[in-house]
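For the sequence shown, the residue numbers in mature numbering (1 follows the signal peptide of the UniProt record, and there is no 0) are -18 to -1, 1 to 120. Here is the structure we will look at.
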Amino acid sequence: MRKKLVAGLLAFALTATAGISAIAATVHYNDSSVTGASPAWQAWMINWETLANDYTQVSIAPGGDESEINLAWYSLKNGESTPVVHFGTSEDDMKTFTGVTGDVDPSLTNNVQYEFNRVKVTGLRPGTTYYYTVEKNG
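Okay, here's the thing in structure tokens:
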């Protein structure tokens, strides 16, 4: 009886996994001679040249759990400022979150003096659409 059970389980396992196939990139996936000439790629490259050295772009990263996110960006150092993010479920109903700021080593930013801004947004719920605005120079 035990041998029949083991044989049945093995047969089931083999049958169940037979339908699983590996999905891999095609041979041309990473071939720039194929993808590099596309208009979409060229447009992305032009846009990247503009954005690559724009240190004021806002980045969003996961927080400590699913109810938090972190936003960060640089702003030109021009006196005291407080980083502010407005975040909510509609454009007319946003909660204000403030963060921290500090100096950035100018050798990292082409010898331009920036300060970093970091704001943590809390109280988020999964499956909810949110809107946000950022006061870049506080």
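Glycine is no exception: its CB is placed at the ideal position from the N, C-alpha and C atoms. In this text the structure is predicted, and so the values were computed from the model without any measurement.
- Residue pairing by DSSP places Trp55 opposite Asn99 in a beta bridge.
- When C-beta atoms of the stretch 51 to 61 are compared with those of the stretch 100 to 118, three or more pairs fall below 8 Å, so the two segments count as touching.
- Separation of the CB atoms of Lys59 and Phe69 is rounded to 25 Å, and the pair is thereby denied contact status at 8 Å.
- It is roughly 29 Å from the alpha-carbon of Tyr37 to the alpha-carbon of Asp75.
- In the DSSP assignment, the residues bridged to Thr80 are Val66.
- When secondary structure is reduced to three states using DSSP, Glu117 falls in the strand class.
- Shown here, Ser89 sits in a helix according to DSSP, grouped into three states.
- The DSSP-derived three-state label of Ala25 is helix.
- Here Pro44 is bridged, per DSSP, to Ile51.
- In terms of CA proximity to Ser72, Tyr112 leads the group Ala25, Trp26, Tyr112.
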